[in-house]
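Peer 1: Residue numbers (our numbering), protein chains in the order written: chain S, 1 to 203; chain D, 1 to 203.
Just so you know, even glycine gets a beta-carbon here, dropped at the ideal spot from N, CA and C.
Bear in mind the structure is a predicted one, so any value in this text is a computation, not a measurement.
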DNA sequence: AACTGGGAAGACAGGTCTGTCTAGTCGTAT
DNA sequence: ATACGACTAGACAGACCTGTCTTCCCAGTT
């Protein structure tokens with residue numbers, strides 16, 4: 001009965017995902033081999049292939065789990081804010097929290113996608129993640145009443161990605177606060193522009 | 001005499017770098033093996049190891065060549081602009097040109113660094129590249145008279161990185177124009193702030 | 001004509017990789 | 001008791017990797 005919850009020991013699937021998360025994230029999906037994962041998880045190799053089918057699909061499951069975690073953390077952070085502007089900028093507060101986690105090593109989807117070959121399930125997982133981020137910014141910008149909410153969302157997505165890159169490559173967690181300040185300036189500029197074009201009929 | 005220039009055939013070193021540039025950039029430094037490089041270059045494997053010492057150092061040379069190309073293209077583009085503001089934003093014009101090249105596949109330093117292990121010559125090359133970009137933005141912002149030129153440079157660097165990510169992962173070359181528009185807004189906001197704090201003593 | 005050095009060609013070592021397969025163990029439900 | 005499903009343990013195949021080494025070729029120089 002796999003639906004048993006009070007098991008003393010996590011299931012093979014959970015142990016595999018935990019080991020994959022640790023090793024893949026720290027060292028990269030390409031350099032970490034299957035053997036190390038099954039050894040760290042204390043799981044037979046056959047179980048891995050029974051449960052996931054291939055290494056690519058294990059990587060996909062690892063990315064999807066990271067995606068769910070990030071989503072949860074961002075949504076939890078956003079509940080702390082009330083005004084639309086605060087909620088929009090709150091995404092970068094959540095990002096800053098992720099950056100300061102002790103074993104932070106950049107955006108998992110970005111590094112995994114850089115190692116994946118085109119069309120693999122890995123790239124699909126990265127695409128899903130990007131779509132979620134984009135939709136998040138678009139919705140928040142629209143709720144904030146920004147006229148060109150899609151344009152602002154594209155700009156904020158650039159800052160979000162850039163902060164992830166900088167936090168990893170420059171080892172600088174403050175990239176999130178830099179991004180937040182830039183996002184605030186862009187938001188205010190977009191609101192000003194929207195007001196201006198609304199006040200001045202036909203430009 | 002290796003300094004001969006009018007050779008009918010490029011030297012082994014040049015052929016190796018050309019093959020490395022093509023294969024490494026298109027498929028990634030990890031997935032492309034030495035054998036494919038020497039075969040494409042028409043060069044003996046021993047020559048590769050005589051000339052470069054190891055695969056990592058060949059990757060480093062490939063990244064340094066890309067760095068030099070990018071630098072040259074950016075500097076050439078910037079000569080077309082006169083005002084400091086135009087020159088600052090011109091970096092994103094140059095970036096947009098790179099994005100529309102037919103075989104564009106993202107920032108080589110970013111993808112290579114994602115596959116490299118810490119401390120390798122690959123990471124050092126990526127660090128050098130990042131330092132150049134940062135210095136470029138810092139100098140241009142200072143020449144434009146921005147009070148907090150370092151802060152603005154950090155913000156623009158985020159946009160620059162984010163545009164590179166988006167152009168690759170979303171297959172969207174217009175990321176450069178989005179970044180340029182955001183950069184313009186941030187620049188103007190920074191100039192306003194600088195003026196304000198200059199006008200309002202100890203404000 | 002003899003020498004020399006850069007390069008071509010490729011075998012080889014030693015290791016790692018993914019994925020398959022066999023054989024056996026253990027707990028649980030019937 | 002017995003059957004079953006989930007799991008473990010590990011050998012194995014076949015391919016690929018980096019890096020070394022030997023052997024040979026050939027153009028240019030002395």
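From residue 183 of chain S to residue 120 of chain S, what distance separates their C-alpha atoms?
Peer 2: Residue mapping note: residue 183 of chain S aligns to position 183 of the first chain, counting from 1. Residue mapping note: residue 120 of chain S aligns to position 120 of the first chain, counting from 1. One C-alpha to the other measures close to 33 Å.
Peer 1: Run through chain S and tell me which residues come within less than 7 Å of residue 100 of chain D, C-beta to C-beta.
Peer 2: By one-based count along the second chain, residue 100 of chain D stands at place 100. Ordered by position in chain S, no residue passes the 7 Å Cβ test against residue 100 of chain D, which lies about 18 Å from the chain.
Peer 1: Would you say residue 11 of chain D lies against chain S (beta-carbon separation less than 9 Å)?
Peer 2: Counting from one through the second chain, the residue named residue 11 of chain D turns up at place 11. So no, residue 11 of chain D is outside the interface.
Peer 1: In this structure, how does DSSP classify residue 12 of chain D when only helix, strand and coil are distinguished?
Peer 2: By 1-based counting over the second chain, the position of residue 12 of chain D is 12. If DSSP states are grouped into helix, strand and coil, residue 12 of chain D belongs with the helices.
Peer 1: If you draw a straight line from the C-alpha of residue 35 of chain S to the C-alpha of residue 137 of chain D, how long is it?
Peer 2: By 1-based counting over the first chain, the position of residue 35 of chain S is 35. By 1-based counting over the second chain, the position of residue 137 of chain D is 137. Looking at the two C-alpha atoms, the distance is approximately 45 Å.
Peer 1: Answer with yes or no whether the minimum CB distance from residue 82 of chain D to chain S is below 9 Å.
Peer 2: For the purposes of this step, residue 82 of chain D is identified with residue 82 of the second chain, where counting begins at 1. Answer no: the Cβ-Cβ gap between residue 82 of chain D and chain S never drops below 9 Å.
Peer 1: Would you say residue 64 of chain D faces chain S, with C-beta separation under 9 Å as the test?
Peer 2: Translated into the one-based positions of the second chain, residue 64 of chain D becomes position 64. Not one chain S Cβ lies under 9 Å of residue 64 of chain D.
Peer 1: For residue 178 of chain S, does the three-state DSSP call read helix, strand or coil?
Peer 2: Counting from 1 along the first chain, the entry for residue 178 of chain S is found at position 178. Residue 178 of chain S falls in the helix class under three-state DSSP.
Peer 1: Return the CA-CA distance between residue 155 of chain D and residue 164 of chain D, expressed in angstroms with no decimal places.
Peer 2: Against the second chain, residue 155 of chain D aligns to sequence position 155. Against the second chain, residue 164 of chain D aligns to sequence position 164. Straight-line Cα distance between these residues: approximately 15 Å.
Peer 1: So is residue 165 of chain S in contact with chain D if we call contact Cβ pairs under 9 Å?
Peer 2: Here residue 165 of chain S is taken as the residue at index 165 of the first chain, counted from 1. Yes, residue 165 of chain S lies at the interface with chain D (some Cβ there is under 9 Å from its Cβ).
Peer 1: Going by beta carbon distance, what residues of the same chain come within less than 8 Å of residue 173 of chain D, once the five residues before and after it are set aside?
Peer 2: The count along the second chain starts at 1 and reaches residue 173 of chain D at position 173. Excluding residues within five positions, the ones whose Cβ falls inside 8 Å are 96, 99, 100, 104, 167.
Peer 1: Our contact map puts residue 194 of chain D next to residue 147 of chain D with C-beta atoms below 8 Å; I'd like the distance itself, whole angstroms only.
Peer 2: For the purposes of this step, residue 194 of chain D is taken as residue 194 along the second chain, with counting starting at 1. For the purposes of this step, residue 147 of chain D is taken as residue 147 along the second chain, with counting starting at 1. Contact flag correct, Cβ pair sits at about 3 Å.
Peer 1: Could you tell me the alpha carbon to alpha carbon distance between residue 122 of chain D and residue 80 of chain D, rounded to whole angstroms?
Peer 2: On the second chain, position 122 is the one that residue 122 of chain D refers to. On the second chain, position 80 is the one that residue 80 of chain D refers to. Approximately 33 Å, taken between the alpha carbons.
Peer 1: According to DSSP, is residue 6 of chain D part of a helix, a strand, or is it coil?
Peer 2: Stepping through the second chain from its first residue, residue 6 of chain D is reached at position 6. The predicted position of residue 6 of chain D is uncertain, since its pLDDT is 42 and thus under 50; a value taken from the coordinates is nonetheless stated next. Reduced to three states, the DSSP call for residue 6 of chain D is coil.
Peer 1: Exposed or buried, what is residue 89 of chain D when buried is set at 16 or more other beta-carbons lying within 10 Å of its beta-carbon?
Peer 2: If you number the second chain from 1, residue 89 of chain D lands on position 89. Classification for residue 89 of chain D: buried.
Peer 1: With 16 as the cutoff for other CB atoms within 10 Å, does residue 161 of chain D come out buried or exposed?
Peer 2: The residue given as residue 161 of chain D occupies position 161 in the second chain. Result: buried.
Peer 1: In chain D, which residues lie with their C-beta within 9 Å of the C-beta of residue 28 of chain S?
Peer 2: Residue mapping note: residue 28 of chain S aligns to position 28 of the first chain, counting from 1. 30, 114, 115, 116, 117, listed in chain order.
Peer 1: Cα-Cα, which of S/126, S/169, S/70 is closest to residue 131 of chain D?
Peer 2: For this step, residue 131 of chain D is matched to residue 131 along the second chain. Of the listed residues, the one whose Cα sits closest to residue 131 of chain D is S/169.
Peer 1: Which bits of chain D does residue 189 of chain S rub up against, with CB to CB less than 8 Å?
Peer 2: Within the first chain, residue 189 of chain S is the residue found at index 189, counting from 1. Simply 185, 188, 189.
Peer 1: Count the other CB atoms within 10 Å of the CB of residue 66 of chain D; is the residue buried (16 or more) or exposed (fewer)?
Peer 2: If you number the second chain from 1, residue 66 of chain D lands on position 66. Buried.
Peer 1: With a threshold of 9 Å between beta-carbons, can residue 78 of chain S be considered close to chain D, or not?
Peer 2: Working through the first chain from its first residue, we reach residue 78 of chain S at position 78. No, because no Cβ of chain D sits closer than 9 Å to the Cβ of residue 78 of chain S.
Peer 1: Below 8 Å, how does it come out for the segment 18-34 of chain S and the segment 106-116 of chain S: are there three or more Cβ pairs, yes or no?
Peer 2: Taking 8 Å as the limit for Cβ pairs, the verdict is that the segment 106-116 of chain S does touch the segment 18-34 of chain S.
Peer 1: Does any residue of chain S have a CB that is nearer than 9 Å to the CB of residue 143 of chain D?
Peer 2: For the purposes of this step, residue 143 of chain D is identified with residue 143 of the second chain, where counting begins at 1. Not one chain S Cβ lies under 9 Å of residue 143 of chain D.
Peer 1: What residue range is occupied by the uninterrupted alpha helix (DSSP H) comprising residue 50 of chain D?
Peer 2: For the purposes of this step, residue 50 of chain D is taken as the residue at position 50 of the second chain. Counting along the chain, the alpha helix (DSSP H) containing residue 50 of chain D begins and ends at 45-52.
Peer 1: Taking the straight line between their C-alpha atoms, what separation do you get for residue 19 of chain S and residue 74 of chain D?
Peer 2: In the first chain, the residue the question calls residue 19 of chain S occupies position 19. In the second chain, the residue the question calls residue 74 of chain D occupies position 74. If you take the alpha carbons of residue 19 of chain S and residue 74 of chain D, they lie about 44 Å apart.
Peer 1: Are the C-beta atoms of residue 161 of chain D and some chain S residue less than 9 Å apart?
Peer 2: Translated into the one-based positions of the second chain, residue 161 of chain D becomes position 161. Closer than 9 Å: yes.
Peer 1: Run through chain S and tell me which residues come within less than 9 Å of residue 85 of chain D, C-beta to C-beta.
Peer 2: Within the second chain, residue 85 of chain D is the residue found at index 85, counting from 1. The premise fails here: residue 85 of chain D is roughly 15 Å from chain S at the closest Cβ pair, so nothing lies under 9 Å.
Peer 1: Taking residue 178 of chain D as the reference, which of S/41, S/181, S/150 has the closest Cα?
Peer 2: Locating residue 178 of chain D in the second chain gives position 178, where the first residue counts as 1. For residue 178 of chain D, the nearest C-alpha among the options comes from S/150.
Peer 1: Considering just the uninterrupted stretch of the alpha helix (DSSP H) at residue 83 of chain S, what are its terminal residues?
Peer 2: Residue 83 of chain S sits at position 83 when you count from the first residue of the first chain. It is not in any alpha helix (DSSP H) - residue 83 of chain S carries neither H nor E in the DSSP assignment.
Peer 1: DSSP state of residue 104 of chain D, grouped into three classes?
Peer 2: Start at 1 with the first residue of the second chain, and residue 104 of chain D comes out as number 104. In this structure, residue 104 of chain D counts as coil in the three-state DSSP scheme.
Peer 1: Against residue 291 of chain D, what residues of chain S qualify as contacts under a CB-to-CB distance less than 7 Å, listed in chain order?
Peer 2: No answer is possible for residue 291 of chain D: it lies beyond the span of chain D, which begins at 1 and ends at 203.
Peer 1: For my contact list, residue 158 of chain S and residue 175 of chain D are in at a C-beta cut-off of 8 Å; report their separation, rounded to the angstrom.
Peer 2: Counting from 1 along the first chain, the entry for residue 158 of chain S is found at position 158. Counting from 1 along the second chain, the entry for residue 175 of chain D is found at position 175. Right, the Cβ-Cβ distance comes to about 7 Å (below 8 Å), so this counts as a contact.
Peer 1: Does the separation of the CB atoms of residue 186 of chain D and residue 186 of chain S fall below 9 Å?
Peer 2: The residue you call residue 186 of chain D lines up with position 186 of the second chain. The residue you call residue 186 of chain S lines up with position 186 of the first chain. Going by C-beta atoms, residue 186 of chain D is nearer than 9 Å to residue 186 of chain S.
Peer 1: Report yes if the CB atom of residue 47 of chain S is closer than 9 Å to the CB atom of residue 59 of chain S, and no otherwise.
Peer 2: The residue given as residue 47 of chain S occupies position 47 in the first chain. The residue given as residue 59 of chain S occupies position 59 in the first chain. No.
Peer 1: For chain S, find out if any of its Cβ atoms is closer than 9 Å to the Cβ of residue 36 of chain D; answer yes or no.
Peer 2: Taking the second chain and counting its residues from 1, the one referred to as residue 36 of chain D is at position 36. Output row for residue 36 of chain D: interface = no.
Peer 1: What residue does the alpha helix (DSSP H) around residue 142 of chain D start on, and which one ends it?
Peer 2: Translated into the one-based positions of the second chain, residue 142 of chain D becomes position 142. That run of the alpha helix (DSSP H) goes 121-143.
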